[in-house]
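Q: In our numbering, the protein residues as written are 1183 to 1310. I have a structure I would like to understand better, so I am pasting it below and will then ask my questions one at a time.
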Amino acid sequence: MPIERGKVREFAAATGSADAVYQSPNPPVPPTFLATAMHWEPQDPPLAARLGLDLSRVLQGGQEYAFIGPLPRGGDTLRAQTSVESVTAKQSGRGGSMMLIVVLTRFMRTDGTMAAEGRATVIERAPA
């Protein structure tokens, strides 16, 4: 997935950053920019379908990133590989159970070195 310079600038503006570094020829990605990678990575079938999730009951439970080495920059190309790290059933406060799914995405540079790891927690609420 190529990191488009214009998309980095748009993302920085959309998140309220006025830092001039995002106007440079090869701007670094803002810290949460890689959240958009789920929209870039072709998945057949999509992750939600593979896990059998009911999207009407799915919530975002949080996201974190660890960058290894220099930040990826506009003009770089990364390869993303997503896997399910854990699936946990938990009792909800309403008496039903909910599923907590932790999804790990590794972002690799074209030379094979890791650029970043992202962990997202997806929550599927119990049926009403």
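Note that CB positions come from ideal geometry on N, CA and C, so glycine has one too.
#1: Could you check what DSSP says for ALA1248 in three-state terms: helix, strand or coil?
#2: What number of angstroms, rounded off, separates the C-alpha of ASP1236 from the C-alpha of GLU1306?
#3: Determine the DSSP secondary structure at SER1265, reduced to helix, strand or coil.
#4: Go through its chain and collect everything with a Cβ distance to ASN1208's Cβ below 6 Å, but skip five positions before and after it.
#5: Starting from GLY1275, trace the alpha helix (DSSP H) both ways and give me its first and last residue.
#6: With distances taken Cα to Cα, identify the nearest neighbour of PHE1215 among GLY1294, LEU1229, VAL1269, LEU1253.
#7: To the nearest whole angstrom, what separates the beta carbons of ALA1202 and PHE1249, a pair I think is in contact under 8 Å?
#8: Are the Cβ atoms of PRO1184 and THR1259 separated by less than 8 Å?
#9: Closer than 6 Å by C-beta to LEU1229: which residues in its own chain qualify, once you throw out the five before and the five after it? Chain order, please.
#10: Within its chain, find whatever has a CB closer than 6 Å to the CB of ALA1308; leave out the 5 residues flanking it on each side and keep chain order.
#11: In the DSSP assignment, what are the bridge partners of GLY1300?
#12: Using alpha carbons as the reference points, say which of VAL1190, ALA1231, GLY1244, GLN1263 lies closest to LEU1286.
A: In short:
#1: In this structure, ALA1248 counts as strand in the three-state DSSP scheme.
#2: 7 Å
#3: strand
#4: ARG1255, GLY1256, GLY1257
#5: DSSP places GLY1275 in no alpha helix (DSSP H); its state is neither H nor E.
#6: The residue from GLY1294, LEU1229, VAL1269, LEU1253 with its alpha-carbon nearest to that of PHE1215 is LEU1253.
#7: About 21 Å; that fails the 8 Å criterion.
#8: yes
#9: The answer is none, since no qualifying residue turns up.
#10: SER1274, GLY1278, SER1279, MET1280
#11: TYR1247, THR1287
#12: Checking every option, the nearest Cα to that of LEU1286 belongs to GLN1263.
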